[in-house]
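*Asks:* Residue numbers (our numbering), protein chains in the order written: chain A, 1 to 318; chain B, 1 to 318; chain C, 1 to 318; chain D, 1 to 318.
I am attaching a structure below and will ask some questions about it afterwards.
Number of protein chains: 4
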Amino acid sequence: MYKNAGTPVAVLGASGYAGRELVGLLNGHPDVALAFATSESESHLDGHDLIPLADAEGRWDDARLVFSCLPHGVSAPAVARAEAAGARVVDLSADLRLSDRAVYGLTEVYRAALPEANVVANPGCYPTASVLSVLPLARAGVIDTTRPLIIDAASGVSGAGRNPRRDLLFGEVAEDFKAYSVGNEHRHLPEITRQLTAAAGAMDVVFTPHLLPVRRGILVTIHVPLTRELGRAEAESLLLDAYANEPCIRVLRGAVPQLKDVIHRNRLAIGAVPVKHVSRPMVTVVGAIDNLVKGAAGQAVQNMNVMCGFPETRGLSC
Amino acid sequence: MYKNAGTPVAVLGASGYAGRELVGLLNGHPDVALAFATSESESHLDGHDLIPLADAEGRWDDARLVFSCLPHGVSAPAVARAEAAGARVVDLSADLRLSDRAVYGLTEVYRAALPEANVVANPGCYPTASVLSVLPLARAGVIDTTRPLIIDAASGVSGAGRNPRRDLLFGEVAEDFKAYSVGNEHRHLPEITRQLTAAAGAMDVVFTPHLLPVRRGILVTIHVPLTRELGRAEAESLLLDAYANEPCIRVLRGAVPQLKDVIHRNRLAIGAVPVKHVSRPMVTVVGAIDNLVKGAAGQAVQNMNVMCGFPETRGLSC
Amino acid sequence: MYKNAGTPVAVLGASGYAGRELVGLLNGHPDVALAFATSESESHLDGHDLIPLADAEGRWDDARLVFSCLPHGVSAPAVARAEAAGARVVDLSADLRLSDRAVYGLTEVYRAALPEANVVANPGCYPTASVLSVLPLARAGVIDTTRPLIIDAASGVSGAGRNPRRDLLFGEVAEDFKAYSVGNEHRHLPEITRQLTAAAGAMDVVFTPHLLPVRRGILVTIHVPLTRELGRAEAESLLLDAYANEPCIRVLRGAVPQLKDVIHRNRLAIGAVPVKHVSRPMVTVVGAIDNLVKGAAGQAVQNMNVMCGFPETRGLSC
Amino acid sequence: MYKNAGTPVAVLGASGYAGRELVGLLNGHPDVALAFATSESESHLDGHDLIPLADAEGRWDDARLVFSCLPHGVSAPAVARAEAAGARVVDLSADLRLSDRAVYGLTEVYRAALPEANVVANPGCYPTASVLSVLPLARAGVIDTTRPLIIDAASGVSGAGRNPRRDLLFGEVAEDFKAYSVGNEHRHLPEITRQLTAAAGAMDVVFTPHLLPVRRGILVTIHVPLTRELGRAEAESLLLDAYANEPCIRVLRGAVPQLKDVIHRNRLAIGAVPVKHVSRPMVTVVGAIDNLVKGAAGQAVQNMNVMCGFPETRGLSC
């Protein structure tokens with residue numbers, strides 16, 4: 001389970017859900033070795049000892065690439081220290097996603113910039129699913145930006161972290177379902193809007209997340225206003241052509257994805273269906289990812305692979 | 001558990017989820033007694049013997065009011081026979097919902113017509129949640145009918161019935177989530193559109209249902225385009241004023257409902273939040289019901305209560 | 001929802017799972033009114049304001065009977081203060097269950113002592129299910145006390161309380177199952193042993209609880225060594241005869257109970273099956289209760305009913 | 001996803017839960033290639049076309065080793081035809097487990113016989129977990145065979161198969177828990193008794209399975225009567241020593257396993273705790289496996305690896 005050969009890497013904040021997923025992926029990655037990992041709440045994980053973050057200070061030299069799964073706000077200073085010590089960094093927190101200090105690690109979009117990047121801001125799980133699901137439509141110029149694009153998203157509980165909270169107890173979540181951050185209050189919205197605006201110009205986006213009684217997975221149902229009618233085959237072709245060479249994106253024909261199509265995989269699955277019985281053209285796109293894999297740890301490994309010149313899907317099940 | 005006093009009623013199709021819920025409610029209702037109940041697949045339920053539907057033919061006279069929980073297509077002929085035999089009927093199937101033969105049993109809307117009704121078509125679960133959640137906005141004239149109203153809905157598995165199907169096995173549904181009838185293909189859409197159009201004029205409605213890994217409950221997240229800005233208090237007041245005297249509707253202030261607010265109750269709970277960061281005014285309304293209670297058996301009892309002159313919430317927990 | 005008529009009662013510790021269940025039952029009980037309820041973490045529940053426990057001190061006179069759902073260790077002093085102030089008490093904590101200060105509130109066993117009791121120690125959920133399931137066999141003298149009686153029990157998460165703990169998060173409990181307190185380490189064991197020993201003499205009891213990924217319910221599977229062979233009908237008759245007049249115990253014929261038979265009911269359901277292919281006689285008894293109802297709040301109300309002279313099942317669904 | 005190199009193998013009955021798991025494992029196995037797979041109900045799986053079983057008749061020559069995941073009763077004749085055509089067979093059904101025609105594929109016990117075996121009967125999931133958890137105690141002669149060994153086992157729903165059944169619907173299983181085949185009625189009992197008797201002599205075994213609301217995983221809680229007291233360290237050492245060189249068995253120190261320790265792994269995890277407060281010595285052993293991996297498809301691959309001379313854990317995560 002524990003390898004000593006390969007490029008040495010480190011994980012900060014290894015005991016949360018994303019950190020644990022990441023350590024599992026790194027354990028199975030043939031080209032890297034985990035030099036150290038930190039946690040404030042646990043001391044062992046998958047054959048590794050975990051050390052307090054404070055003890056990482058003398059050890060930056062041990063790692064050529066550092067992953068930060070630290071909480072938002074705590075991550076940025078640690079990233080700065082690792083960077084100052086000469087390590088390259090993939091930051092899974094939100095701290096640097098809207099900053100110029102880092103390359104935005106939506107691999108399929110910013111792949112070309114990764115080999116030279118010192119700091120990569122790994123995208124949020126909701127933005128990964130939302131942006132990639134409609135980007136081909138945005139780039140093709142078929143989105144009617146005078147009408148709002150509506151994203152209803154639902155996530156498993158691991159997206160809310162592993163710290164004890166009453167509202168995340170099994171007794172509260174099981175057999176329940178709820179919307180939160182209703183009214184465009186979610187902190188992931190700017191990440192989504194920024195990418196879509198870059199591709200298609202300014203548009204209104206309405207993003208409403210929901211909490212699902214499942215452990216992992218995100219499904220986004222996106223209602224896209226169109227400048228012209230698209231038949232189902234044409235809508236699918238737009239997506240298929242755009243992602244023909246993408247190893248981590250699967251476009252379905254004649255179907256929409258569900259969570260089970262993507263769980264435990266570094267995969268976005270997408271399907272598109274034109275909307276009937278409306279007076280102006282729309283298409284509904286459904287996208288699914290595993291929030292802990294393509295939405296976090298898997299995409300972080302995908303980014304590392306491109307940064308380090310490894311094959312892009314090394315160590316990943318896509 | 002078994003009463004003999006009270007108005008005699010019957011239940012056709014008692015072994016499905018709605019039928020079982022209904023028999024449970026009728027067992028606890030002080031003013032009625034279950035004369036007979038039918039099932040093709042089971043022979044006992046909650047202290048009652050169940051008989052084949054064919055055996056009901058000689059017994060219509062035993063019941064003054066007949067509830068049909070029969071499958072769509074099978075229900076209409078049985079309703080006709082019960083009606084011909086002189087019984088009043090509440091039909092929980094979709095067969096008569098768009099027909100002039102029956103009063104549409106959305107109690108809060110068609111209450112006045114119920115006391116004289118011989119046949120009542122109990123609304124679908126999705127239409128009950130969707131229509132009642134936005135009807136006050138439609139009636140107030142604040143919906144911008146030139147833009148689409150987007151309804152994303154999620155239902156527990158009991159909405160899909162109790163007949164064995166591979167896709168409804170625990171092993172398939174647990175830890176999964178999916179959209180279905182994407183692109184306005186759901187048969188409940190016309191029920192929704194008809195009611196909203198009657199209140200606010202023709203408008204585009206996009207309705208996308210999802211299957212939740214829970215046993216019961218529906219949550220609808222409805223994005224409503226507005227003719228003018230509504231503050232949160234104003235939006236809430238519109239709903240509160242409209243439903244001030246409704247015993248089965250709860251409008252929340254400063255919150256949106258979740259499934260646990262309504263499970264096992266004959267209650268619709270609603271909350272409304274204006275959408276920020278959009279160029280044209282919108283409000284998101286979230287509504288929750290128990291699909292088996294306010295979405296089926298509970299509303300059927302509520303309708304019976306009004307039809308028969310019982311207090312409207314008799315036998316119901318609201 | 002809020003009644004002012006009836007015997008005034010109070011609930012200490014109303015925001016845990018047992019407390020919330022109890023307030024719900026008391027709201028629906030026709031003969032009592034909730035005078036006050038306390039919580040340290042929440043301020044409202046089901047139409048009632050919740051006050052800190054410290055504020056209860058001036059209000060003992062407002063209640064004729066006080067229910068304590070306080071944590072173990074915190075409960076006993078509060079019970080003493082309520083008692084000193086003249087209130088009768090039903091204590092749902094474990095503090096007094098093995099003490100002579102209180103009548104042990106296993107209603108079916110100690111019913112006769114309840115009308116005169118000032119303090120009643122409501123039994124634990126596991127002991128309620130375990131003891132009542134085999135007591136008729138113990139009293140009939142058919143248990144072979146030279147061999148161990150093995151109890152494997154499984155409980156839903158509400159038995160572990162509503163305080164935030166990482167190991168009770170949905171992300172940890174869903175899709176998992178585990179044994180705990182293995183090796184007779186559970187604090188409920190003495191409650192069980194004491195009752196069985198009183199009925200049948202000293203015997204070895206092995207009690208192993210498990211945590212189920214459900215919200216509520218306890219199932220006990222009890223392997224009982226017998227002094228002689230019992231056929232299935234004879235084993236069932238022993239249970240049926242013993243409990244013929246018990247409104248809250250249901251003995252099944254030819255079947256064993258499952259959680260869904262008892263959820264939301266103040267009911268113990270039991271079934272018994274002789275064990276084949278063994279050289280010395282044994283019977284396996286399966287018992288099921290809702291841990292929050294017959295295992296906590298429901299039995300507390302049942303005890304109150306007997307203490308106060310109300311019909312025993314008033315306010316309860318059995 | 002689809003490999004053409006490697007030893008050609010076939011899977012009969014690929015669309016059930018065990019079959020699907022097996023095809024997934026074979027897809028990831030570097031030394032084999034799936035020549036064909038059959039199903040009566042589905043036509044595609046993980047990149048492979050599925051053919052009816054009848055069409056396999058002309059194709060036995062295409063596969064050097066055939067896995068049968070066919071239903072009990074259907075499997076034996078197909079195994080005979082494959083064998084007659086010259087293929088080696090691993091049969092996952094129960095048809096041959098008690099027969100002399102096949103080597104019993106409990107790998108850790110019958111490893112030496114596998115390289116020469118033409119037909120291997122893959123053990124049942126319950127027997128795999130039960131037998132391996134206590135076999136070292138049986139072989140060490142510390143089990144008191146004059147007293148019964150009690151096994152309470154709980155399995156996820158995939159153990160019951162993927163054919164539609166009302167009692168396996170999500171709406172029936174979620175939030176429920178039940179015992180079945182109570183009283184030693186389960187068809188897996190003889191498999192368990194046979195192995196334990198072979199190791200320790202005749203003894204009474206009481207085996208009671210339960211159905212868990214999870215998708216996969218088996219936990220067995222086994223109460224073992226002992227001929228002498230064993231301290232915890234001594235009990236653990238017995239297990240640790242016996243399994244020191246077993247790559248697929250993990251003995252825990254100071255802990256007992258839970259489902260999450262083994263899910264998606266070809267691993268049995270075990271822990272042992274002496275029982276306090278009893279007059280004659282006992283130890284409780286808890287064992288956990290993933291019923292679809294070490295309990296079915298994974299052990300089948302482990303057997304194939306030994307049969308074919310591949311490294312024993314090739315293609316498996318242990």
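Using N, Cα and C, we set each Cβ at its ideal position, and we do this for glycine too.
With a 10 Å radius around its C-beta and 16 neighbouring C-beta atoms as the bar for buried, classify C/N163 as buried or exposed.
*Replies:* By the neighbour-count rule (16 or more Cβ atoms within 10 Å), C/N163 is not buried but exposed.
*Asks:* Are C/L292 and C/A82 closer than 7 Å when you measure CB to CB?
*Replies:* Not closer than 7 Å, so no.
*Asks:* A/L34 and A/L26 look like a contact to me (Cβ under 8 Å); what is the Cβ gap, rounded to whole Å?
*Replies:* Contact flag correct, Cβ pair sits at about 5 Å.
*Asks:* Expressed to the nearest angstrom, what Euclidean distance is found between the alpha-carbon atoms of C/K294 and D/L168?
*Replies:* So the two alpha carbons sit approximately 27 Å from each other.
*Asks:* If you count every other CB in all the chains shown that lies within 10 Å of the CB of D/Q267, and 16 or more means buried, which is it?
*Replies:* Note that residue 267 of chain D corresponds to Arg in the displayed sequence, not to Gln. Under this definition D/R267 is a buried residue.
*Asks:* Run through chain D and tell me which residues come within less than 9 Å of C/T221, C-beta to C-beta.
*Replies:* Residues of chain D passing the Cβ test: D152, A179, V182, T208, H210.
*Asks:* Identify, in the order they occur along the chain, each residue of the same chain with its Cβ nearer than 6 Å to the Cβ of B/Y2, setting aside the five sequence neighbours on each side.
*Replies:* At B/Y2, the pLDDT of 48 sits below 50, so the modelled position is not reliable and the matter cannot be decided from this model.
*Asks:* Using only alpha-carbon positions, find the residue among C/E108, C/R111, C/N118, C/A85 that is nearest to C/D386.
*Replies:* Any question about residue 386 of chain C goes unanswered here, given that chain C covers just 1 to 318.
*Asks:* By the three-class DSSP mapping on this structure, what secondary structure does C/M1 have?
*Replies:* Residue placement at C/M1 cannot be trusted, given a pLDDT of 42 that sits under 50; the coordinates are not used to answer.
*Asks:* Could you tell me the alpha carbon to alpha carbon distance between C/I249 and C/Y243, rounded to whole angstroms?
*Replies:* If you take the alpha carbons of C/I249 and C/Y243, they lie about 7 Å apart.
*Asks:* Less than 7 Å between CB atoms is the rule here; does B/T284 satisfy it with respect to chain A?
*Replies:* Interface residue, yes.
*Asks:* Counting contacts by CB-CB distance shorter than 7 Å, is D/V251 in contact with chain C?
*Replies:* With 7 Å as the cut-off, D/V251 does not count as an interface residue toward chain C.
*Asks:* Could you check which residue in B/V103, B/L189, B/A76, B/S68 has the C-alpha nearest to that of B/R131?
*Replies:* A small correction: the amino acid at residue 131 of chain B is Val; Arg does not occupy that position in the sequence shown. Comparing Cα-Cα distances from B/V131 to each of B/V103, B/L189, B/A76, B/S68, the minimum goes to B/L189.
*Asks:* Assuming A/T128 is part of the alpha helix (DSSP H), what are its boundary residues?
*Replies:* Its alpha helix (DSSP H) spans residues 125-139.
*Asks:* Pick helix, strand or coil for C/G19, following the three-state DSSP scheme.
*Replies:* The answer is helix: DSSP assigns C/G19 an H, G or I state.
*Asks:* Give the residues of chain B in contact with D/R215, contact being defined as C-beta atoms less than 8 Å apart.
*Replies:* Ordered by position in chain B, the residues that pass the 8 Å Cβ test against D/R215 are F170, G171, A174, E175.
*Asks:* At least one CB of chain C closer than 7 Å to the CB of D/Q195: is that the case?
*Replies:* No, because no Cβ of chain C sits closer than 7 Å to the Cβ of D/Q195.
*Asks:* Measuring only the C-alpha atoms, how far is D/A235 from D/P274?
*Replies:* Looking at the two C-alpha atoms, the distance is approximately 8 Å.
*Asks:* Taking Cβ positions only, does A/R97 come closer than 7 Å to chain C?
*Replies:* No, its Cβ sits nowhere closer than 7 Å to a Cβ of chain C.
*Asks:* Please classify D/R81: does DSSP put it in a helix, a strand, or coil?
*Replies:* It is helical.
*Asks:* Quick check on D/V256 - is its C-beta less than 7 Å from some C-beta in chain C?
*Replies:* Yes, its Cβ sits closer than 7 Å to a Cβ of chain C.
*Asks:* For the 8 Å Cβ check, are there 3 or more pairs between the segment 134-143 of chain B and the segment 218-230 of chain B?
*Replies:* Yes, they touch.
*Asks:* Note down, in chain order, every chain C residue with its Cβ under 7 Å from the Cβ of D/S279.
*Replies:* Simply D204.
*Asks:* At the 7 Å Cβ level, is C/K260 part of the contact set with chain G, yes or no?
*Replies:* Among the protein chains in the structure shown, which are A, B, C and D, there is no chain G.
*Asks:* Starting from D/R162, find everything on chain B with Cβ-Cβ shorter than 9 Å and list it in chain order.
*Replies:* Going along chain B in sequence order, the residues near D/R162 (Cβ under 9 Å) are R166, L169, G171, E172.
*Asks:* Report yes if the CB atom of A/M307 is closer than 7 Å to the CB atom of A/L114, and no otherwise.
*Replies:* Closer than 7 Å, so yes.
*Asks:* State yes or no: is the beta carbon of B/M1 nearer than 7 Å to at least one beta carbon in chain A?
*Replies:* At B/M1, the pLDDT of 42 sits below 50, so the modelled position is not reliable; the number obtained from the coordinates is stated separately. B/M1 does not count as touching chain A.
*Asks:* Under a three-way DSSP split, which group does D/F170 fall into?
*Replies:* In this structure, D/F170 counts as helix in the three-state DSSP scheme.
*Asks:* What would DSSP say about A/S75, mapped onto helix, strand or coil?
*Replies:* In the structure shown, A/S75 sits in a helix (DSSP, three-state: H, G or I).
*Asks:* Going by beta carbon distance, what residues of the same chain come within less than 8 Å of B/A160, once the five residues before and after it are set aside?
*Replies:* So the qualifying residues of the chain are L168, L211.
*Asks:* Reducing DSSP to helix, strand and coil, say where B/D290 ends up.
*Replies:* Coil, per DSSP.
*Asks:* Given that A/S158 touches chain C, what residues does it touch there, using C-beta distances under 8 Å?
*Replies:* Neighbours of A/S158 on chain C, chain order: G171.
*Asks:* Take C/A269 as the anchor and find which of C/G231, C/S279, C/G217, C/E312 has the nearest alpha-carbon.
*Replies:* Of C/G231, C/S279, C/G217, C/E312, the residue nearest in Cα terms is C/G217.
*Asks:* Would you mind stating whether D/D95 and D/A76 have Cβ atoms separated by less than 7 Å?
*Replies:* Yes, the pair counts as a contact, with Cβ atoms nearer than the cut-off.
*Asks:* Helix, strand or coil, according to DSSP, for D/S237 in the structure here?
*Replies:* Correct three-state label for D/S237: helix.
*Asks:* Buried or exposed: B/G16, going by 16 or more other Cβ atoms within 10 Å of its Cβ?
*Replies:* B/G16 comes out buried.
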